Amino acid sequence: MEDKRYLTFALGKGRLAKKTLELFEKIGITCEEIKDPDTRKLIFVNEELKLRFFLAKGPDVPTYVEYGAADIGIVGKDTILEEARNIYEVLDLGFGKCRMCICGPESARDLLQHHEQIRVATKYPRIAKDYFYNKKHQTVEIIKLNGSIELAPIVGLSEVICDIVETGTTLRENGLTVLEEVCPLSARVVVNQVSMKMENERITKLIRDLKTVI
Ligand code: PRP
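Numbering follows my numbering, in which position 92 of the sequence shown is assigned residue number 1289; successive positions increment by one, without gaps.
Rendered as structure tokens:
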């Protein structure tokens, strides 16, 4: 057999990684050691298939892929939009489905409709800016937060938030509601632009195989 180089995968840590590994198993790609919850190793190898995997923070996955430190990445569409890296998005894996929404108390609906100058708290300032400035042509003040975004309108930091809604439970339990939908989200496969050319055959086969099981 020809001497193949390693194909390297960057997986976003957490739920997406677990689902991704389950999917890979279905197409015969296994990596036992990555599943050990106690391991402190950062990189895992499948010698037989010449594959390497590492787990990274979600927002770092597009960075690893753009620079070619990983050939392929699995990451949420929210992160792809927010990071805006030069990478190819090649496949929707169909899991991790949720929505990016503008949310707040029912009372904020009027403010949105009348294009009032409001404050928008979010972990996704680029997505929020694109939505309000380019799609709605509405001037807003965007406040970047790092988590528990639903707190912002409750404590008076902002009128609305731009955040991910999955089941809607967090909103409901905090007296908030979806006011507008920005876009649907799910897990995606992204590929380095040079790898797509240099390793086209292997990467195309992988995408084809994945399509048969999703
Ligand atoms: C995400 C999101 C919402 C919640 C939505 O938060 O920011 O808060 O999940 O899920 P639900 O509609 O099913 O309730 P995450 O758990 O990632 O935490 P963080 O935003 O505080 O980092």
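Don't be surprised by glycine CBs; every beta carbon is placed ideally from N, CA and C. Owing to the predicted nature of the structure, the values given are computational and were not obtained by experimental measurement.
Each residue's CA atom was taken as its position, placing residue 1323 and residue 1360 some 12 Å apart.
Contact check for residue 1275 and residue 1321: beta-carbon distance about 6 Å, within the 8 Å limit, so the pair qualifies.
Taken from the Cβ of residue 1361, at least one heavy atom of ligand 1 lies inside 8 Å. Not one heavy atom of ligand 1 is found less than 8 Å from the C-beta of residue 1382. A straight-line Cα-Cα distance of about 11 Å links residue 1369 and residue 1301. Taking a cut-off of 8 Å on C-beta distances, the stretch 1237 to 1256 does not touch the stretch 1286 to 1305, as fewer than three cross pairs fall below it. According to DSSP, residue 1358 shares a beta bridge with 1300, 1318.
Contact check for residue 1339 against residue 1372 fails: the beta carbons are separated by 9 Å or more.
In the DSSP annotation of this structure, residue 1256 is not part of any alpha helix (DSSP H), being labelled neither H nor E. Between residue 1364 and residue 1341, the CB-CB gap reaches or exceeds 9 Å. Distances taken from the Cβ of residue 1368 to the heavy atoms of ligand 1 include one shorter than 8 Å.
DSSP places residue 1341 outside any alpha helix (DSSP H); the residue lies instead in the beta strand (DSSP E), whose first and last residues are 1338 to 1341. For residue 1234, there is no enclosing alpha helix (DSSP H), as DSSP gives it neither H nor E.
Residue environment analysis places residue 1283 among the exposed positions, since fewer than 16 neighbouring C-beta atoms fall within 10 angstroms of its C-beta. In this structure residue 1305 is not in contact with residue 1377, their Cβ atoms being roughly 10 Å apart against a cut-off of 8 Å. Boundaries around residue 1405 are those of the alpha helix (DSSP H), 1397 to 1410, since no beta strand (DSSP E) includes it. No Cβ-Cβ contact shorter than 9 Å links residue 1272 with residue 1218.
Between residue 1262 and residue 1389, the gap from beta carbon to beta carbon is short of 9 Å. In terms of side-chain proximity, the C-beta atom of residue 1346 is found nearer than 8 Å to a non-hydrogen atom of ligand 1. In this structure, the straight-line span from the alpha carbon of residue 1225 to that of residue 1234 is close to 21 Å. For residue 1253 against residue 1207, the beta-carbon gap comes to about 5 Å, under 8 Å, which counts as contact.
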